[in-house]
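Take a look at the structure below.
Residue numbers (this note's numbering), protein chains in the order written: chain A, 2 to 163; chain B, 44 to 246.
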């Protein structure tokens with residue numbers, strides 16, 4: 002036979018849980034409606050050079066930076082959005098203008114830009130991406146590669162309308 | 044027998060310092076870095092080597108060096124440590140100012156930065172403490188506890204900093220150097236700590 006124990010501890014825990022879930026749902030109705038915007042990462046804007054040109058490829062290529070751009074809330078893919086990309090690669094430092102380039106998202110909100118191989122710099126193999134076109138809030142990302150031997154890296158944007 | 048032991052100790056120390064530097068000099072990453080960035084990296088490796096040498100000098104475990112000479116060299120190496128740490132940070136600053144500003148403000152995305160910056164402040168603090176030791180009229184016990192506490196921050200900060208970085212240092216030689224840094228420091232703590240104990244009687 003199983004005894005159902007309803008002591009003070011159980012009642013307090015259950016009551017607390019009900020209270021927390023009830024109050025929090027009242028406090029954050031805005032977040033309940035769907036996809037939350039991506040927040041700028043620490044160090045994401047480091048060595049950013051505004052106005053990187055739209056290019057077919059940065060330098061000689063061989064490495065792929067890919068990702069998606071969606072709208073906050075409904076998560077709809079955003080076409081034609083300009084994403085700027087830069088990194089320390091086999092062909093130049095983050096600060097070199099020729100290490101910077103930009104590309105546009107396609108009809109599905111997907112972007113793909115070929116660039117030189119990213120190599121570890123300042124302790125981590127990482128890339129930088131920026132959305133800074135004004136229609137949505139500016140976002141800077143700084144994804145880190147799982148291994149410095151990887152030949153691709155992805156980063157995803159969810160943008161908040163201004 | 045004593046000679047053999049002396050040769051072995053010095054040879055081990057030389058290998059522990061030279062091998063990581065040579066291994067880093069063979070790093071493929073160097074091909075894609077500017078001279079200033081490369082120099083900054085090597086300044087960091089030399090700093091780590093100095094952190095290994097310091098406790099050995101002060102405890103007097105290096106054969107052929109009297110306690111007095113060991114102490115004098117300890118002061119010189121300490122000054123050199125400040126210099127290479129400054130060169131390390133300055134070189135990185137020239138290479139990428141925003142990354143170094145983030146690190147110094149403890150808002151860097153890389154976890155190793157805070158450890159390195161903490162070790163840097165401890166190096167500067169320990170140097171100031173040593174420079175003003177007489178003027179501050181520190182009691183020997185206060186001095187020793189202060190110096191050893193800062194040394195602990197330097198050792199832990201430098202080792203964690205170095206191990207978390209994916210840079211020009213080769214993994215095995217870096218790990219061995221870091222292990223020796225910790226071992227040398229622990230040995231010094233044990234021996235200097237033993238000297239601290241009798242002082243307690245006078246309190």
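Beta carbons: idealized from backbone N, C-alpha and C, even for Gly.
message = Less than 8 angstroms between the C-beta atoms of residue 158 of chain A and residue 39 of chain A, yes or no?
response = yes
message = Just to confirm, is the Cβ distance from residue 67 of chain B to residue 88 of chain B under 8 angstroms?
response = Yes; because the gap between Cβ atoms is below 8 angstroms, this pair is in contact.
request  = Going by CA-CA distance only, name the one from A/109, A/76 and A/116 that's closest to residue 95 of chain A.
outcome  = A/116
message = Suppose the cutoff is 8 angstroms on Cβ atoms and the five residues either side in sequence are ignored; what does the same chain contact list for residue 71 of chain A look like?
response = 36, 77, 78, 79, 110, 157, 158, 159 and 160
ask   = Between the C-alpha atoms of residue 108 of chain A and residue 81 of chain A, what's the straight-line distance to the nearest angstrom?
value = 7 angstroms
request  = For residue 77 of chain B, go through chain A and note every residue whose CB falls closer than 9 angstroms to its CB, in chain order.
outcome  = 94
Inter-residue CB distance, residue 127 of chain A and residue 87 of chain A (contact presumed, cutoff 8 angstroms) = The Cβ separation is near 11 angstroms, so there is no contact.
request  = Name, please, each residue of chain B whose Cβ falls closer than 7 angstroms to the Cβ of residue 66 of chain A.
outcome  = Those do not exist, as residue 66 of chain A stays about 18 angstroms from chain B at its closest Cβ, beyond 7 angstroms.
ask   = Any idea what DSSP makes of residue 121 of chain A, helix, strand or coil?
value = coil
8 angstroms Cβ shell around residue 72 of chain B - same chain, five flanking residues per side excluded = 210 and 211
Start-to-end residues for the beta strand (DSSP E) that takes in residue 72 of chain A = 64 to 72
query = Got a sec, what are the start and stop residues for the beta strand (DSSP E) residue 153 of chain A sits in?
reply = 153 to 160
inquiry  = Which of the three DSSP states is assigned to residue 90 of chain A in this structure?
reply    = strand
request  = Taking only the alpha-carbon atoms, compute the straight-line gap between residue 111 of chain B and residue 214 of chain B and give it to the nearest angstrom.
outcome  = 36 angstroms
ask   = Going straight from the alpha carbon of residue 39 of chain B to that of residue 177 of chain B, what length do you get?
value = Because chain B is modelled from 44 through 246, residue 39 of chain B falls outside the range shown and cannot be assessed.
query = According to the neighbour-count rule (16 or more other Cβ atoms, all chains shown, within 10 Å of its Cβ), is residue 187 of chain A buried or exposed?
reply = Because chain A in this structure spans residues 2 to 163, residue 187 of chain A falls outside the shown range and cannot be described.
query = Are any of the Cβ atoms in chain B nearer than 8 angstroms to that of residue 1 of chain A?
reply = For residue 1 of chain A there is no data in the structure shown, the boundaries of chain A being 2 and 163.
ask   = Taking the alpha carbon of residue 60 of chain A as the point to measure from, which residue in A/44, A/67 and A/103 has its own alpha carbon closest?
value = Ranked by how close their Cα comes to the Cα of residue 60 of chain A, the residues A/44, A/67 and A/103 have A/103 in first place.
ask   = Would DSSP call residue 102 of chain A helix, strand or coil?
value = Three-state result, residue 102 of chain A: strand.
inquiry  = Distance cutoff 8 angstroms, beta carbons only. Does residue 61 of chain B sit that close to anything in chain A?
reply    = no
task = Pull up the distance between the alpha-carbon of residue 273 of chain B and that of residue 94 of chain B, whole angstroms please.
result = Nothing about residue 273 of chain B can be reported from this structure: the residues present for chain B run from 44 to 246 only.
message = Among B/146, B/142, B/76 and B/91, whose alpha-carbon lies nearest the alpha-carbon of residue 225 of chain B?
response = B/91
task = Run the CB neighbour count on residue 217 of chain B, radius 10 Å, all protein chains shown included, and call it buried at 16 or more, exposed below.
result = buried
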